[in-house]
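Trainee: Going down the list, the sequences are from chains A and B.
Counting in UniProt numbering, the first sequence runs from 1 upward without gaps.
Counting in UniProt numbering, the second sequence runs from 1 upward without gaps.
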Amino acid sequence: MLETVDLKKVFKNNVAVNDANLYLDQGESVGLLGPNGAGKSTTISMISSLLVPTSGDVKWHGKSVVKDPKTIRDVLGVVPQDIALYEELSALENLKFFGKIYGLKGKELDTKINEVLEIVGLEERQKELVKTYSGGMKRRINIAVALLHEPEFIIMDEPTVGIDPQSRNYILEMVRQLNEEKGMTVLYTSHYMEEVERLCDRIYIMDHGKIIATGTKDELTSILSSEETILVELDRSYPNLIQALESLDDVLQVTEHDKGIKLIVPKGCRLLGKVFQQAEKEEAQIVSINVQVPTLEDVFLHLTGRKLRD
Amino acid sequence: MKALFLLQWQRLKREPLLIGSMILMSIIFVLSMGSSSVGDAVSVPTSFDESINEEERESWLDRLNQAEGFSFFQTDEKKAREDVALGTVPFSLKVMENDYQLLILNESAELQMLDQVVRQTFINEARLTAVEEQVNQESFREEVDQYMSEPPLVVKNETIGTESDNVGYNNELQVLFGMTLFFSMYTIIFSLSKIAEEKRSGTMNRIILSPVRKWQVYLGYMGYSFVIGFVHIVSVFLLFKYVFDFDVGDHFGSLIVVVGCFVFSVVALGMLMLGSVKTLEQLNAVVPIVTVSMAMIGGAYWPIEAVSNNILLAISKVVPVTYTMEALKSIAIYNQNLSGVLEPISIVLLIGVLCMGIGVNLFERKA
């Protein structure tokens with residue numbers, strides 16, 4: 001349904017996106033994962049026809065979006081990362097305006113507005129000014145605007161940034177319903193691993209403008225199937241202990257993790273004894289030790305050498 | 001396009017402060033400057049020598065006040081000297097039996113005019129007194145007054161033309177036109193800056209992704225800026241014409257056409273500025289510089305005739321304010337109709353078309 005072919009965008013001398021190839025099938029929910037500055041927003045700007053690629057193409061049902069942006073615009077809904085609303089107007093006024101520019105009017109417009117307000121759960125506060133809304137409510141109206149014209153394909157660019165867990169949960173559930181119950185194709189970008197894990201059938205991992213891995217969650221975590229993660233929780237930070245653990249033969253990767261240390265080691269290696277020994281040597285207080293199967297976060301760390309939210 | 005146009009009015013309804021304050025500022029400035037400065041009668045404190053009695057003093061004040069541009073009022077000499085010394089007044093007059101004295105703070109053009117007026121009044125009075133003594137007739141003065149009220153021959157000087165140096169000076173209209181045009185530029189350009197604001201907030205991307213065509217987007221915004229600027233100027237003109245009795249001539253329709261051309265050129269200039277800057281902050285910094293410079297060079301603050309520097313005069317030739325002020329004054333002061341100001345308004349339109357072309361092009365390139 002949607003395909004990008006060797007998509008590239010260069011801003012002056014900075015290559016923001018480099019030969020990105022991705023595809024989405026109808027009704028799929030696909031995650032685009034990457035840290036800030038990875039090129040996610042530039043990629044979706046090119047997909048949505050807002051940016052013209054330096055080279056490469058975006059194809060919607062085989063037709064070039066670069067040559068004729070209209071091919072995708074009529075069926076596309078975009079939820080931008082920023083709150084793209086008129087804050088001095090009410091939610092209802094915003095929805096009316098955006099509905100009108102999509103050619104909706106009269107009863108049809110009113111019906112659509114009621115539908116999207118119901119989806120985002122803001123029917124009762126529709127007449128309040130957007131500037132009086134909480135961050136979560138603004139995000140919900142931001143999504144509602146993108147749903148007004150019933151798009152076939154929706155791009156969501158980090159729609160849960162900076163909101164409380166309750167609103168975040170609401171939005172994630174809403175996206176899941178749109179995808180599963182209404183059959184909407186979703187391209188979801190985020191740097192929250194758990195959101196992508198929860199919502200997406202397939203995931204693209206992007207870093208420094210390149211797509212470095214792709215697959216389902218299981219496929220991606222199988223990259224680390226020969227490895228396991230040891231999470232050592234400590235009472236405080238011990239920089240010397242990290243150095244000491246790095247010097248151990250079997251340790252593949254050591255990173256500081258909250259108050260503890262995360263080790264990626266070959267599966268089945270007997271390393272716990274050595275960890276205790278080093279902790280004792282550095283007089284570090286171990287609170288707990290956990291051996292885990294790899295997560296997408298670990299995969300990302302393994303592939304890029306840095307955390308997702310760096 | 002209609003939705004975009006109406007949206008701007010809806011937004012204005014919610015946040016009317018900026019535009020409202022610009023209209024209010026026009027009114028306040030015209031009221032304060034139009035009623036108190038250069039073109040109005042300049043007050044001249046006048047003291048008299050002790051040898052002149054009260055009746056004669058009244059007669060002198062009447063004679064002096066017949067001259068246009070100055071208003072003579074009686075004061076005592078001590079206060080007059082004090083006021084001049086303190087700089088409260090620029091000059092004062094002391095009338096003596098056969099002579100007069102001017103107490104001055106500094107040399108000025110007004111002082112020279114005052115000296116001429118007073119001297120002429122004294123010469124006329126000396127002539128009349130001399131003849132009166134010769135004819136020795138009590139009704140002489142009355143006869144002279146009667147004769148002068150219906151003179152057998154009247155010489156009237158009038159100059160008609162659109163050259164700037166021919167345009168007469170009327171302070172009320174200078175301030176009304178100048179200040180209204182000046183503040184309307186803010187109204188127009190700030191209302192147009194919503195485009196930059198929307199680009200930053202992301203709403204513009206939403207509009208671009210919708211089926212609305214690009215020319216409709218531009219027309220929606222520019223149409224709003226045009227109308228709000230037009231309403232600003234015309235409402236201030238109407239207010240001063242009907243409420244404050246400013247004489248704006250008999251061709252108000254022609255004034256409106258000139259205003260329309262000016263507003264179009266400023267909208268175009270706003271587009272050029274929008275296309276030339278990178279951020280909204282840059283635009284906010286550039287707008288006052290451009291508008292104030294244009295108002296100064298274009299003769300909105302003071303008559304262009306007051307500018308003698310050749311470089312400034314050359315720059316004024318590419319500023320729409322110059323031609324608009326010229327056209328407005330020609331219509332209001334010399335009662336010209338639209339055909340008489342075709343040249344200046346054509347230049348204004350030409351400037352507008354050029355700015356619009358370049359501005360939209362630059363803006364599109366950035367997009």
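Ideal Cβ placement from N, Cα and C applies to all residues, glycine included.
Along chain B, which residues have their Cβ under 8 Å away from the Cβ of residue 341/A?
Mentor: Any question about residue 341/A goes unanswered here, given that chain A covers just 1 to 310.
Trainee: Anything in chain A within Cβ reach of T203/B, meaning under 8 Å, just list it in chain order.
Mentor: A84, L85, Y86
Trainee: How many angstroms separate the CA atom of V65/A from the CA atom of S225/B?
Mentor: 33 Å
Trainee: Is S90/A near L148/A, with beta carbons less than 8 Å apart?
Mentor: no
Trainee: Exposed or buried, which one is I154/A when buried takes at least 16 other CB atoms within 10 Å?
Mentor: Buried is the call here.
Trainee: Which of the three DSSP states, helix, strand or coil, is assigned to S254/B?
Mentor: The answer is helix: DSSP assigns S254/B an H, G or I state.
Trainee: Using a cut-off of 8 Å between C-beta atoms, extract the partners of I141/A located in chain B.
Mentor: Near I141/A there are no residues of chain B at all, since even the closest Cβ is about 12 Å away, more than 8 Å.
Trainee: From the beta carbon of A196/B, is the nearest beta carbon of chain A less than 8 Å away?
Mentor: no
Trainee: Could you check how far apart the C-beta atoms of R140/A and I171/A are, in whole angstroms? I think they sit under 8 Å.
Mentor: R140/A to I171/A, Cβ: 7 Å. Contact.
Trainee: Pick helix, strand or coil for residue 313/A, following the three-state DSSP scheme.
Mentor: Chain A is shown from 1 up to 310; residue 313/A falls before or after that span and cannot be answered.
Trainee: Starting from the C-beta of F5/B, find all residues in its chain whose C-beta is less than 6 Å away, skip the five residues before and the five after it, and write them out in chain order.
Mentor: Apart from sequence neighbours up to five positions away, the residues of its chain that approach F5/B with a beta-carbon distance below 6 Å are G220, G223, Y224, ordered along the chain.
Trainee: State the beta-bridge partners of P45/B as determined by DSSP.
Mentor: F73/B
Trainee: Report the three-state DSSP secondary structure of V15/A (helix, strand or coil).
Mentor: If DSSP states are grouped into helix, strand and coil, V15/A belongs with the strands.
Trainee: Could you spell out the range, first to last residue, of the alpha helix (DSSP H) harbouring A213/A?
Mentor: Segment 210 to 215 is the beta strand (DSSP E) holding A213/A; no alpha helix (DSSP H) there.
Trainee: Please go through the region 34 to 111 of chain A and give each complete beta strand (DSSP E) segment of 3 or more residues, from N-terminal end onward.
Mentor: 55 to 60, 76 to 79
Trainee: Using the Cβ count rule (16 or more neighbours within 10 Å means buried), how would you classify W60/A?
Mentor: buried
Trainee: Using the Cα positions of E197/A and T255/A, report the straight-line distance between them to the nearest angstrom.
Mentor: 22 Å
Trainee: Which residues of chain A have a Cβ atom closer than 7 Å to the Cβ of L7/B, listed in chain order?
Mentor: F97, listed in chain order.
Trainee: Since I believe K96/A is in contact with I113/A (beta carbons under 8 Å), could you give me their beta-carbon distance rounded to a whole number of angstroms?
Mentor: Right, their Cβ atoms sit about 7 Å apart.
Trainee: Would you list the residues sitting across from F153/A in a DSSP beta bridge?
Mentor: DSSP, once it has assigned bridges, lists L76/A, T185/A as partnering F153/A.
Trainee: Nearest by alpha-carbon distance to T132/A: which of D235/A, P159/A, E88/A, K9/A is it?
Mentor: E88/A
Trainee: What residue does the alpha helix (DSSP H) around N310/B start on, and which one ends it?
Mentor: 310 to 316
Trainee: Under 8 Å between C-beta atoms, does E364/B make it to chain A?
Mentor: no
Trainee: Show which residues of chain A have a CB atom less than 8 Å away from the CB atom of R11/B.
Mentor: Y86, E88, L89
Trainee: Using a beta-carbon distance below 8 Å, is V38/B in contact with chain A?
Mentor: At V38/B the pLDDT is 43, less than 50, meaning the model places this residue with poor confidence; the figure from the coordinates comes in the next sentence. No, V38/B lies away from the interface with chain A (no Cβ there is under 8 Å from its Cβ).
Trainee: Classify V175/B as buried or exposed, calling it buried when 16 or more other Cβ atoms lie within 10 Å of its own Cβ.
Mentor: buried
Trainee: Considering only the alpha carbon of each residue, which of T160/A, N179/A, L24/A lies closest to V79/A?
Mentor: T160/A
Trainee: Considering only heavy atoms of the ligand PLP, does any lie closer than 7 Å to the CB of L109/A?
Mentor: The model depicted lacks the ligand PLP and carries no ligand whatsoever.
Trainee: Do you know offhand how far N53/B's Cα is from E97/B's?
Mentor: 10 Å
Trainee: Among E55/B, Q120/B, T75/B, K79/B, which one has its Cα closest to the Cα of A67/B?
Mentor: Q120/B
Trainee: Identify the continuous beta strand (DSSP E) that holds S288/A and give its terminal residues.
Mentor: 286 to 292
Trainee: Please report how far the alpha carbon of I358/B lies from the alpha carbon of L272/B, in whole angstroms.
Mentor: 6 Å
Trainee: Pull out every residue of the region 24 to 51 of chain A whose Cβ sits closer than 7 Å to any Cβ of chain B, in chain order.
Mentor: S48, L50
Trainee: If we define contact as Cβ-Cβ less than 8 Å, is E280/A a contact residue for chain B?
Mentor: no
Trainee: Please name the residue or residues paired with E3/A in a DSSP beta bridge.
Mentor: Bridge partners of E3/A: Y23/A, K59/A.
Trainee: Can you tell me which of D68/A, L303/A, G260/A puts its alpha carbon nearest to the alpha carbon of S288/A?
Mentor: Of D68/A, L303/A, G260/A, the smallest CA-CA separation from S288/A is found for G260/A.
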